[in-house]
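Residue numbers (the working numbering): 1077 to 1210.
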């Protein structure tokens, strides 16, 4: 096995539900949300078959605060991150696995407000406003 390896994921898709953030006991902001990616293939009969893959995404810290405030259901976003698999055993001693994408960056590719697409949302910040962290 090579000493160097790469764990890199890039996804462009639509958010499944509006993310709801929470805080760990130590005060770290965390948000879990889903992202749908779609693929269309033709079968042997020439009929198109759509397949939707759902991805579990985790954002932490200031990124989690950003996602919680600005990312909405149905919004097209780009996620860059790495795969992380969690393993646990339930009370019946059955082992479970969950693979998530730990986001390094979240880039909105469109803006939504109250579940409506908003065109030309990007504008110059006022003198006393902070710029968004992306």
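All residues carry an ideal CB built from backbone N, CA and C; glycine is no exception. Nothing here was measured: the structure is a model prediction, and the numbers come from that model.
The three-state secondary structure of residue 1100, taken from DSSP, is coil. A check of alpha carbon separations from residue 1149 across 1136, 1079, 1187 identifies 1187 as the nearest.
A Cβ-Cβ contact shorter than 9 angstroms links residue 1177 with residue 1133.
Residue pairing from DSSP places residue 1126 in a beta bridge opposite 1116. In terms of Cβ geometry, residue 1147 and residue 1113 do not form a close pair [threshold 9 angstroms].
By the 16-neighbour rule on beta-carbons within 10 angstroms, residue 1127 is exposed.
DSSP lists 1153 as the beta-bridge partner residues of residue 1184. Residue state for residue 1147 is assigned as coil, using DSSP reduced to three classes. According to DSSP, residue 1162 shares a beta bridge with 1174. Taking residue 1095 as the centre and dropping the five residues before and after it, the same chain places the C-beta of 1107, 1109, 1143, 1144, 1147 closer than 6 angstroms to its C-beta, in chain order. In this structure, the straight-line span from the alpha carbon of residue 1090 to that of residue 1115 is close to 13 angstroms. Annotation for residue 1080: no beta strand (DSSP E) segment contains it, and DSSP assigns it neither H nor E.
With distances taken between CA atoms, residue 1137 lies nearest to 1104 out of 1082, 1175, 1162, 1104. Taking 9 angstroms as the cut-off, the Cβ atoms of residue 1183 and residue 1154 count as close.
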